[in-house]
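Counting from -7, one number per residue, gives the positions in the sequence shown under this note's numbering. See structure below.
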Amino acid sequence: MTIITLTTDFGLDDGYVGAMKGVILGIAPGATLVDITHALPPQDIRRGVSVLREATPYFPAGTVHLAIVDPGVGSQRRPIALQAGAHRFVGPDNGLFTAAIADAQAAGLPVAVYHLDRPAYWRPEISRTFHGRDIFAPVAAHLANGVPLEELGTPVDDPVLLPLWRPERRPDGRILGHVDHVDHFGNLISNVPGAWLAGRRWTISIAGRQLVGPRPTYAAAEPGELLALISSSGHLEVAVRNGSAAALLGVQAGEPIEVWEREE
-7 MTIITLTTDF GLDDGYVGAM KGVILGIAPG ATLVDITHAL PPQDIRRGVS VLREATPYFP
53 AGTVHLAIVD PGVGSQRRPI ALQAGAHRFV GPDNGLFTAA IADAQAAGLP VAVYHLDRPA
113 YWRPEISRTF HGRDIFAPVA AHLANGVPLE ELGTPVDDPV LLPLWRPERR PDGRILGHVD
173 HVDHFGNLIS NVPGAWLAGR RWTISIAGRQ LVGPRPTYAA AEPGELLALI SSSGHLEVAV
233 RNGSAAALLG VQAGEPIEVW EREE
């Protein structure tokens, strides 16, 4: 009973997600389907990278992750499936799996990428605008049924990879990072590891504002107050209690953030 997760920018107002699930269950009726999200901002590949990085490590080994943010559907962009560590991924070759590949490689885990070029594992008729239903969903289902990755396509060694923002520790002790993404609440989740800040007090500078942190919880601040804390993913986060830091500061993903140790 393999798990297949679904992550898309399709929303829930239309029948797109339901159509993909119908295709999957028609091929792999024993699969367990789990929605990670269908509310990604349209065409926002980088946000898809962040969501997959946040959620997929918590699923059991062998899970198939079907992810679609596909502004290039119908073009020359390749459909791919890949093994990254203990997880498998299916979707467009447009950088969506950048973090999955990078994190597996950093951990010394195997990575293998395949161009999906075996139509026998697709639906008989292929829409130029809905590869999610006609290519990716059936491939995910066949993986769940035990078809090996190498049967589904041709190996490739040049998947599209997006540049990842990486935090930097400078010789003077300062830390330079970026806002990796803005969550549903308007919290600014950075790429600065919380472990780098453990046991000390820091000044955090972002968008012309400075604050001291990290605080232990949102409740440690007054309503409407800007604060810094460590997020549930273990990274430095800037938030507003009962509000939106993104709206207050007028920032989005990619905003620089600088941190230095506070002199008491």
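For each residue, glycine too, the CB sits at the ideal point set by N, CA and C.
- DSSP, read as helix, strand or coil, puts S42 in helix.
- Note that the C-beta distance between N183 and P163 is not below 9 Å.
- Nearest Cα to A133 within the set G145, D150, Y113, I118: Y113.
- In this structure, I37 keeps its C-beta atom at 9 Å or more from the C-beta atom of L168.
- Beta-bridge partners of T24 (DSSP): I(-5).
- For A59, there is no enclosing alpha helix (DSSP H); the enclosing beta strand (DSSP E) has its first and last residue at 56 to 60.
- For H134, there is no enclosing beta strand (DSSP E); the residue is part of the alpha helix (DSSP H) that begins and ends at 129 to 136.
- Taken through DSSP and simplified to helix, strand or coil, W188 comes out as helix.
- By the beta-carbon neighbour count (other beta carbons within 10 angstroms, threshold 16), N234 is exposed.
- Beta-bridge partners assigned by DSSP to Y106: A73, P147.
- Uninterrupted beta strand (DSSP E) stretches at least 3 residues long and entirely within the region 191 to 230 occur at 194 to 198, 201 to 205, 218 to 222, given in chain order.
- Judged by their CB atoms, R45 and A245 are not nearer to each other than the 9 Å cut-off.
- In the structure shown, I167 falls within a strand segment according to DSSP collapsed to helix, strand and coil.
- Boundaries of the beta strand (DSSP E) harbouring G83: 79 to 84, taken from the DSSP string.
- Between A11 and R125, the alpha-carbon positions lie close to 6 Å from each other.
- The C-beta distance from I198 to I249 rounds to 5 Å, short enough to meet the 8 Å contact threshold.
- In the DSSP annotation of this structure, the continuous segment of the beta strand (DSSP E) that includes I249 starts and ends at 248 to 253.
- In this structure, V43 lies away from I(-5), with their beta-carbon atoms at least 9 Å apart.
- Annotated three-state conformation of E117 is coil, per DSSP.
- For Q97, the enclosing alpha helix (DSSP H) has its first and last residue at 90 to 98.
- For a cut-off of 8 Å, the C-beta gap from G178 to A239 is around 6 Å, short enough to register as a contact.
- Under DSSP, R161 forms a beta bridge with I167.
- Under the criterion of beta carbons closer than 8 Å, E247 and H170 qualify as touching, at roughly 7 Å.
- Inter-residue distance for R80 and R254 is about 43 Å (C-alpha atoms, whole angstroms).
- Residue environment analysis places N137 among the exposed positions, since fewer than 16 neighbouring C-beta atoms fall within 10 angstroms of its C-beta.
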